[in-house]
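Read through the structure below, which is laid out as C-alpha cells, and then see the notes.
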Amino acid sequence: MPAPLMDTYSPPDLNFERGEGAYLYEQGGDRYLDFISGIAVNGLGHAHPKAVAALKAQAEKLWHTSNMFRVPGQLELAEKYCRDSFADRVFFTNSGAEAVECAIKTARHYHFAHGRPDRYRVITFTGAFHGRTYGAINAGGNPKYLEGFGPAMEGFDQVEFGDHDALKAAVTEETAAIIVEPVQGEGGVRAIPDICLRGLRELCDEHGLLLIYDEVQAGAGRTGKLWAHEWAETAQPDIMAVAKGVGGGFPMGACLATEAAGDHMKIGTHGSTFGGNPLAMAVGNVVYDELTSDGFLQHVVDISNTMRQQLAGLADEHADKIEELRGRGLLIGLKLKDGYVNKTLAAKARGHHLLMGAAGDNVARMAPPLIITEDHVREAIGALDKALGELTPEAS
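Last residue of the sequence shown: 1335 (this note's numbering), numbering continuous.
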C-alpha cells in the first residue's frame, strides 16, 4: 500500500511528541536543542505558558465564526500593529504565502484605483522566496519551484540580487511595486544593507512605486527590532507581509499597509474564511505583547551578538569548511565552501542533538527561539563544533 501522504517532504526518522522552551523531546525521550524553531516560527520557544493559557481559554469559548462576523481579537491586534509600525491597515491571513498574495493584490489594486490599471508589474530579486502558492512561486522566480506548473505567470520582473543598475533599468511605466525580503531566508540568509533599503525607498518614491517588504521570516523580533526594516530607520514600506513568528507556532500571518496603499481595499476585493480566527488572534495578541515587553528585543540583540561572536570563532577554527557567516540577529547562516554540503552538516548536527536547517547557496541556517540563553548558545556551539569536525568533502 502506498504512503497516504504526498512525498513533498523528506523528514528524518524522528517523532517529536512535546516541546519545552528551546528543546524538543522525541518519543523515546531524547532531547534536542531546537535551533531552527519550525523555520523561524517558535520565537517564544515551545509551549510558552502565556500562549498555551490564551489558546486553552479561547478554545473553550469560540473557535470560528468566519469574517462574516466581527472578531474582537482582530481589532485588538491590528491596533497594536498599527500603533507600533508604519501601518494603518491590517488584513489577517493563515500563512506567509497568503500575506504575500494579499500584498501583491493590494499593490496592483492601488494603481487600478488611481486610474492606472496598466501598472501591474512587480520587480523581484534572485534568491527570493515568497511562499509556495502559484502567485508566490512566480514572485520568487526560483526555476526549481516553477518547474512543472505551466507557463510562468505574467507580471513579474526579476533582477539579480545586489545589481543596482539592473534594478533601475527594470523600472518601466508598467511597474507597480518592488517586493523584497530585508533578510533573504531561503535564498541563503543574505541581509540587505540598510543603505540599500533606503535606496529602494528613494527609488520607489521617485517613480511612484509601492515598496513591499516580505518579513515573513525576518520579522517578529528575529533581528532584534520588531520588524527587520526598522534598522534602516527611513526605509519604511508601503505594504508588508508577515507570518511565522507572529503566531509563535500557531498558524497566522498578516498584510500591513499604509492608509494610502490599503484604503482602496474595500468589500469584495479580498477575503479569507479562516484568516484572523479567534484562536489565532488569542495567541497572536499574547505573542505580540511578549515581543514588545520591556527588555525582550534588547535580549535578542544581546544574545545574537554573543552567538555571532561564538560562531565567528568557530568559523575561524573550521576555516577550511566555512566560507562566510551571514544574517542578522537570530537569523544566521553559515555558507560552506565548495565540496561541503549544508544538508549533510544539518544531519551531522542532528546526530549531536542540535536541530538546524539548510537554505540556498549552500548555507546552513539557524533561527533559534528568541528566548535562548548563553547556556543554549554554548551547547549549540559545542554540538556544531563536533558536527563540523565530522564533515567531509562530497563529490559535486
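For glycine and all other residues, C-beta sits at the position ideal for the given N, C-alpha and C.
For clarity, every value in this text was computed on a predicted model and none was experimentally measured.
P1307 and D952 have their C-alpha atoms some 21 Å from each other.
Taking C-beta separations shorter than 6 Å and ignoring five residues to either side along the sequence, the partners of F1100 in its chain run F1064, T1065 and G1066, following chain order. G958 has L963 as its beta-bridge partners, per DSSP.
Here the alpha carbon of A1109 sits roughly 49 Å from the alpha carbon of P988.
In this structure, F1031 keeps its C-beta atom at 7 Å or more from the C-beta atom of A1196. At a Cβ-Cβ threshold of 7 Å, A990 and R1161 do not count as neighbours.
At least 7 Å separates the beta-carbon of A1115 from that of A1036.
Shown here, R1009 sits in coil according to DSSP, grouped into three states, outside any helix or strand. DSSP places V1119 inside the beta strand (DSSP E), whose first and last residues are T1114 to V1119. Only residues of its own chain outside the window of five on either side were considered, and among them H1050 have a CB closer than 8 Å to the CB of P1056, listed in chain order.
In this model, M1007 and E1015 are separated by some 18 Å (Cα to Cα).
Residue pairing for G1192: DSSP places it in a beta bridge opposite T1032. Around the beta carbon of E1086, a 10 Å sphere encloses fewer than 16 other beta carbons of the protein chains shown; the residue is thus reported as exposed. A distance of 7 Å or more separates the beta carbons of R1060 and E1120. In this structure, the beta-carbon distance from A1297 to A1288 does not fall below 7 Å. The beta carbons of P1217 and Q997 sit about 6 Å from each other, so the pair counts as a contact at 8 Å. For the 7 Å CB-CB criterion, V1122 and V1302 do not form a contact.
Closest in C-alpha terms to L1270, from the list V1280, E1154 and E1198, comes E1154.
Per DSSP, I1131 lies in no beta strand (DSSP E) segment and is marked neither H nor E. Here N1281 is buried. Its C-beta has 16 or more other C-beta atoms within 10 Å. With respect to the 7 Å criterion, K1276 and L1330 are not classified as neighbours on the basis of their beta carbons. Judged by DSSP in its simplified three-state form, A1180 adopts strand. When the alpha-carbon of E1093 is set against those of D946, A1075, Y1020 and G1158, the nearest one is in A1075. The segment 1129-1146 makes contact with the segment 1166-1185; the number of CB pairs closer than 8 Å reaches 3 or more. Counting only runs of 3+ residues, the beta strand (DSSP E) found wholly inside the segment 1060-1123 occupies 1060-1064, 1095-1098 and 1114-1119, in chain order.
H1257 counts as buried, since no fewer than 16 other beta carbons sit within 10 angstroms of its beta carbon.
Between V1226 and G1272, the C-beta gap is not smaller than 7 Å, which leaves the two residues out of contact. The Cβ-Cβ distance between I1311 and I1242 falls below 7 Å. When DSSP reads this structure, D973 sits in a beta bridge with L1294. Under the DSSP assignment, K1274 falls in the beta strand (DSSP E) whose first and last residues are L1270 to L1275.
In this structure, A1042 and A1180 form a Cβ contact; the two beta carbons are roughly 5 Å apart against a cut-off of 8 Å. Each residue's CA atom was taken as its position, placing A1038 and A1182 some 7 Å apart. Secondary-structure assignment with DSSP links Y1152 through a beta bridge to V1119 and M1179.
In the structure shown, the three-state DSSP call for L1165 is coil. The beta carbon of G1163 sits closer than 7 Å to the beta carbons of L1236, V1239, V1240, S1243 and G1268 from its chain, once the five residues preceding and following it are set aside; these are given in chain order. The alpha-carbon separation between G1147 and H1168 amounts to approximately 20 Å.
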